[in-house]
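**Student:** Counting along the first sequence from 1, when you hit position 796 you're at 864 in the working numbering, and nothing is skipped either side.
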Amino acid sequence: MPYNHQEIEKKWQKRWDQAGVFHAQDKSKKPKYYCLIEFPYPSGAGLHMGHPRSYTAMDVVARKRRMEGFNVLYPIGWDAFGLPTENYAIKTGRKPQDVTAENITTFKRQLQSFGLSFDWSREVNTTDPEYYKWTQWMFLEFFKAGLAYKAKMPINWCVSCKIGLANEEVVDGKCERCGGPTEKREKEQWMIAITKYADRLLEDLETVDYLEKIKTQQKNWIGRSEGAMISFVIASPSTSTNLLPEPVEGLNLSALIVNSAKQSPDVEAIEVFTTRPDTIFGATFLVISPELAKQWIETGWNASEEVKKYIEQSLKRDKKEREAEDKEKTGVLTGVFVINPANEEKIPVWIADYVLGEYGTGAVMAVPQHDERDREFAEKFGLPIVDRPLVSFDEAIEKSGGKKSVQYKLRDWVFSRQRYWGEPIPLVNCKKCGWIPVPDKQLPVVLPEVEKYEPTENGESPLAAIYDWVNTKCPKCGGPAKRETDTMPNWAGSSWYFLRYIDSKNKKAFADMKKLKHWMPIDWYNGGMEHTTLHLLYSRFWNKFLFDRGHVPVSEPYAKRTSHGLVLAEDGTKMSKSKGNAVNPDEVVSEYGADSVRLYELFMGPFGEPVPWSMNGLVGMRRFLEKIVEVGGKAAENAVEKTAVTRLLHQTIKKVTNDIEHMHFNTAISQMMIFVNVVKEQGSISKESFVTFLRLLCPFAPHLANELYEQLGGKELLEQQSWPTHNPELAKEEIISIAVQVNGKVRGILEISPDIEEEIAKQKALENENVKKYLEGKTVEKVVYVKGRIVSIVVK
RNA sequence: GGGCGAGUGGUGAAAUUGGUAUACACGCUAGCCUUAGGAGCUAGUGCCGCAAGGCAUGAGAGUUCGAGUCUCUCCUCGCCCACCA
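#1: Could you give the distance in angstroms between the alpha-carbon of residue 288 and the alpha-carbon of residue 279?
#2: At the level of alpha carbons, what is the spacing between residue 432 and residue 455?
#3: Which residue from 273, 105, 801 and 497 puts its Cα closest to that of residue 545?
#4: Nearest to residue 839 by alpha carbon, out of 821, 697 and 809?
#5: For residue 309, name the three-state secondary structure that DSSP assigns.
#6: Taking the Cβ atom as the reference point for each residue, do residue 662 and residue 771 lie within a distance shorter than 8 Å?
#7: Could you have a look at residue 405 and say whether DSSP puts it in helix, strand or coil?
#8: Using only the alpha-carbon positions, how far apart do residue 868 and residue 491 sit?
#9: Cβ of residue 743 within 8 Å of Cβ of residue 716?
#10: Would residue 139 and residue 93 be called neighbours here (beta carbons separated by less than 8 Å)?
#11: Using a Cβ-Cβ cutoff of less than 6 Å, which residues in the same chain neighbour residue 774 once the five nearest sequence positions on both sides are dropped?
#12: Note the first and the last residue of the continuous beta strand (DSSP E) segment covering residue 548.
#13: Just to confirm, are residue 820 and residue 807 a CB contact at a threshold of 8 Å?
#14: How many whole angstroms separate the CB atoms of residue 348 and residue 420, which I take to be in contact at a CB cut-off of 8 Å?
#15: Between 489, 446 and 204, which lies nearest to residue 166 when the distance is taken from Cα to Cα?
#16: For residue 850, write down the residues that DSSP places opposite it in a beta bridge.
#17: At what residue ranges does the segment 249 to 322 contain a whole run of the alpha helix (DSSP H), taking only runs of 4 or more?
#18: On the CB-based measure, 16 or more other CB atoms within 10 Å of its CB, does residue 526 come out buried or exposed?
#19: Which runs of the alpha helix (DSSP H) at least 4 residues long sit entirely within the segment 180 to 249? Give them in chain order.
#20: Assuming residue 415 and residue 436 are in contact, meaning their beta carbons sit under 8 Å apart, how far apart are those beta carbons, in whole angstroms?
#21: Any heavy atom of the ligand NAP closer than 7 Å to the beta-carbon of residue 272?
#22: Leaving out five residues before and five after residue 638 in sequence, what residues of the same chain have Cβ atoms less than 8 Å from its Cβ?
#23: By the DSSP assignment, the beta strand (DSSP E) with residue 592 in it spans what residues?
#24: From residue 513 to residue 553, what distance separates their C-alpha atoms?
#25: Going along the chain, which residues of its own chain have a beta-carbon closer than 6 Å to the beta-carbon of residue 516, five neighbours each way excluded?
#26: For residue 215, collect the residues of the same chain with a Cβ closer than 8 Å to its Cβ; drop the 5 residues on either side in sequence, then sort them by chain order.
#27: Since residue 830 contacts residue 853 with CB under 8 Å, what's their CB separation in whole angstroms?
#28: Relative to the C-alpha of residue 143, which residue among 791, 861, 834 and 568 is closest?
#29: Is it right to say residue 720 is buried, meaning 16 or more other beta carbons lie within 10 angstroms of its own, or is it exposed?
#30: DSSP state of residue 378, grouped into three classes?
#31: Going by Cα to Cα distance, which pick from 501, 861, 507 and 482 is closest to residue 494?
#32: Compare the Cα-Cα distances from residue 136 to each of 95, 824, 860 and 791 and report the closest residue.
#33: Near residue 70, which residues of its chain fall below 7 Å by C-beta distance, leaving aside the five closest residues on each side in sequence?
#34: With a 10 Å radius around its C-beta and 16 neighbouring C-beta atoms as the bar for buried, classify residue 124 as buried or exposed.
#35: Ignoring anything shorter than 3 residues or poking outside the segment 108 to 170, list the beta strand (DSSP E) runs there in chain order.
#36: Kindly give me the distance between the Cβ atoms of residue 407 and residue 303, rounded to whole angstroms, as I take these residues to be in contact under 8 Å.
Shown next as structure tokens:
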């Protein structure tokens, strides 16, 4: 029984639009509910079948909430700055602004074809100057608070993108975006001090309802560890014959002295961070990172040629190379000795690249007895491994004169990009006044038009080539000054977009505080696991900062966070246009209908797991919808409805209601299928019951549900009706069949009332014909009855 | 190496959280119908067996009247992190 989905879908989408049923109200007596999905990057490839999986899921939640009487905000927008568009612009010579506008048009048309209940009136676009004006304003807030600073530091440099990358953007030593190799480079970069928020980002995870795996990933990324900072004083030059204090046992001092440098570094002591101060008596050498060793040389250390060569080599190597060589440890002796403060032993200092320059102090005390890496190193270089007793944390700190310390893996956020397609950083450099913010009145600093989009050869953004734009006046002293030509990373705009939805057209502020108080926090945020250590952490930080500055009312932006699984191609690999295995949303929506695709996206598998696409599965959903049409034809005002149908309806209400809350959309849909199958079998259903079913169906297949409702004489929209509630009395089974087990094996089935008394149930079980066969000649030792579940008989 | 998760039919998967394993859907088989379709209807479909029955949730043990579910050992796969001291 085919139905014309194209006609129906167009019709209802228009009706919803005219009625404005999906517009969130800023003033309402209803309780608010803010549902959020990660706004898409409008790529040239068009919508991916993964997008509608998350969007339809939250659409079901949003639609259910509205029917439950909530004032729902379910907004949408565009995260449109970023490299793919810029690279496309470079290749074609077209303006990224134009390309973005085109891509948005396509995405919008495709998303709208699904009948998602977004409030389109609040649409935002991160590349709109009216939007990024506020991104720039917020950056200046960071700057004014002293959290944005410029630093020359080794950064991850993507060779092919010609761009500096944050740690989070380097995956396996490769650029997260293009997959190309990266290397370390020194570059002046704007940084944001996210590490100042490390503790709060960690602790406040306790206050939110995120999936446990999401919390774990955030915790691991922040990587807090507690330990001690201990100072190892540099010993007098090793050429001296002064052998006090004693060197560590087993140390061939004379062998080490031969290679030693002539001069000590210009430091009095080496600070190390350790999580195991209790092992300090077993420390037989110190290891410093090549980065720290380089600093020594820069401050006047006369190192041997061998040392210099090692440092140079290891700093040139990028992460990928270091990993390729894997386990094999390398290192070089410095000729410098230090005193172990706990026992006054004299121990040598080595340089090795297994110690990281960026973590802790860039130096470690090596305890081969208790640390695998140190042991491996000691064995390779023939260093002593001594077994000394452990002491308590406090005692170790006391004996060594150290102090407690906390370290994080989290690094400050590299915020500069030397690229065109991003928000200009709104700062001006004046020789006299230094870095001065562009005054609020002059925001936004609009991205100027350029001839070429490529970064310059020396790695500056193409903005640096626009003389008139770069050269400006200092806002403070009026003297000649230059604009910052770096732009922001694409994480900037997405770090606060959920705030702009609340008041997207406000010209005076990024959002009005009253409205923010009304809507925040977001009640339910769904997105991909790939954003757990990037977007999710950045945006939590950003919101906390705004909270501290008094600009937003809550510290944690997301009350609840869930994640979806990827939609894979039929062959189980990633869907991609280049591989030719991508499903085109336009084609499937036009051929099978938006409702079929919506249902299939949710039915295909458990929501949190990746699932391969199946055209046949989609066809099955279409069959289900056609069956609903058929069954709808049997719904009549005075139909005689069997109690089996009424009972199943109430069971279905219960299950669908619960399943949506737990994102078990697949089982919710299968329950509706069971219901429809039974109605078809029974041949009739009352109009009232069928309409109730349509209300359940509406969040999943809203077009067809409304159409069938109208055919039954419904005047208003289903969206304006209430969510059904189940009646436990009507849902209850009168007769159930339970199994009778004899010694753990099912030997009979009882048809009983669920309320039957225990003794009667047991008696009936023992009298069951088939059960009797297994009791013959045996002694019944025990009979267990679990109400409404099972009778279990133990015989001997 | 560390963390998290998962192994159930030919396939995607269910299982009320310790109570009849394989719901729902796809696919397949047979038959019917037909204006031959990506259509519909009926029946069947975990494995072995003519049957009675037996065996099955990655492997092996354990707890229990009863284990896909809990405990232990091991194997495989996926994701994230990865020389973080």
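The beta-carbon is built from N, C-alpha and C at its ideal position, and this holds for glycine as well.
**Tutor:** The answer reads as follows:
#1: Indexing the first sequence from 1 puts residue 288 at position 220. Indexing the first sequence from 1 puts residue 279 at position 211. Computed Cα separation, rounded: 15 Å.
#2: Residue numbering aside, residue 432 sits at position 364 when the first sequence is read from its first letter. Residue numbering aside, residue 455 sits at position 387 when the first sequence is read from its first letter. Near 18 Å, if we compare the C-alpha coordinates of residue 455 and residue 432.
#3: In the first sequence, residue 545 corresponds to position 477, counting from 1. The option with the nearest alpha carbon to residue 545 is 497.
#4: The residue given as residue 839 occupies position 771 in the first sequence. For the residues 821, 697 and 809, the minimum Cα distance to residue 839 belongs to 809.
#5: Sequence index remark: in the first sequence, residue 309 carries index 241 (1-based). Residue placement at residue 309 cannot be trusted, given a pLDDT of 43 that sits under 50; what the coordinates show is reported in the next sentence. Residue state, collapsed to three classes: coil.
#6: Mapped onto the first sequence, residue 662 falls at position 594. Mapped onto the first sequence, residue 771 falls at position 703. Cβ distance < 8 Å, so residue 662 and residue 771 count as in contact.
#7: Here the question's residue 405 lines up with position 337 in the first sequence. The answer is strand: DSSP assigns residue 405 an E or B state.
#8: Summary: the structure shown does not reach residue 868, with the chain confined to residues 69 through 864, and so no result is reported for it.
#9: Taking the first residue of the first sequence as 1, we reach residue 743 at position 675. Taking the first residue of the first sequence as 1, we reach residue 716 at position 648. The answer is yes: Cβ separation under 8 Å.
#10: Residue 139 sits at position 71 when you count from the first residue of the first sequence. Residue 93 sits at position 25 when you count from the first residue of the first sequence. Yes, the Cβ-Cβ distance between residue 139 and residue 93 is below 8 Å.
#11: Position 706 of the first sequence, counting from 1, holds the residue named residue 774. Closer than 6 Å at Cβ, skipping near neighbours: 80 and 786.
#12: Residue numbering aside, residue 548 sits at position 480 when the first sequence is read from its first letter. Segment 548 to 551, the beta strand (DSSP E) holding residue 548.
#13: For the purposes of this step, residue 820 is taken as residue 752 along the first sequence, with counting starting at 1. For the purposes of this step, residue 807 is taken as residue 739 along the first sequence, with counting starting at 1. Not in contact: residue 820 and residue 807 (Cβ atoms no closer than 8 Å).
#14: Here residue 348 corresponds to residue number 280 of the first sequence, with the count starting at 1. Here residue 420 corresponds to residue number 352 of the first sequence, with the count starting at 1. Not really, about 20 Å apart at Cβ, beyond 8 Å.
#15: As a working mapping, residue 166 is identified with position 98 in the first sequence. For the residues 489, 446 and 204, the minimum Cα distance to residue 166 belongs to 489.
#16: The residue labelled residue 850 in the question sits at position 782 within the first sequence. Note: residue 850 sits in a beta bridge opposite 862.
#17: 266 to 271 and 280 to 290
#18: For the purposes of this step, residue 526 is taken as residue 458 along the first sequence, with counting starting at 1. Under this definition residue 526 is an exposed residue.
#19: 197 to 212
#20: In the first sequence, counting from the first residue as 1, residue 415 sits at position 347. In the first sequence, counting from the first residue as 1, residue 436 sits at position 368. Going by Cβ atoms, the distance from residue 415 to residue 436 rounds to 12 Å, so no, they are not a contact pair.
#21: What this structure holds is no ligand at all, so the ligand NAP is not there to describe.
#22: Position 570 of the first sequence, counted from the start, is the residue given in the question as residue 638. Around residue 638: 649, 680, 681, 682 and 683.
#23: Locating residue 592 in the first sequence gives position 524, where the first residue counts as 1. Residues 592 to 595.
#24: The sequence position of residue 513 within the first sequence is 445, counting from 1. The sequence position of residue 553 within the first sequence is 485, counting from 1. Those two C-alpha atoms are separated by around 11 Å.
#25: As a working mapping, residue 516 is identified with position 448 in the first sequence. Cβ neighbours of residue 516 beyond the five flanking positions: 534 and 537.
#26: Sequence index remark: in the first sequence, residue 215 carries index 147 (1-based). Around residue 215: 260, 261, 264 and 613.
#27: Sequence index remark: in the first sequence, residue 830 carries index 762 (1-based). Sequence index remark: in the first sequence, residue 853 carries index 785 (1-based). With 8 Å as the limit, residue 830 and residue 853 qualify as a contact, their Cβ atoms being about 5 Å apart.
#28: By one-based count along the first sequence, residue 143 stands at place 75. Minimum Cα distance to residue 143 is reached at 568.
#29: Walking along the first sequence from the start, residue 720 turns up at place 652. Residue 720 comes out buried.
#30: As a working note, residue 378 is residue 310 in the first sequence. Here residue 378 sits in helix by DSSP.
#31: Translated into positions along the first sequence, residue 494 becomes position 426. Selected option, being the one with the closest Cα: 507.
#32: In the first sequence, counting from the first residue as 1, residue 136 sits at position 68. When only C-alpha atoms are compared, the closest one is 791.
#33: For this step, residue 70 is matched to residue 2 along the first sequence. Here the set comprises 694.
#34: Numbered from 1 along the first sequence, position 56 holds the residue referred to as residue 124. Answer is buried; the Cβ neighbour count reaches 16.
#35: 139 to 141
#36: Residue mapping note: residue 407 aligns to position 339 of the first sequence, counting from 1. Residue mapping note: residue 303 aligns to position 235 of the first sequence, counting from 1. Confirmed, Cβ separation roughly 5 Å.
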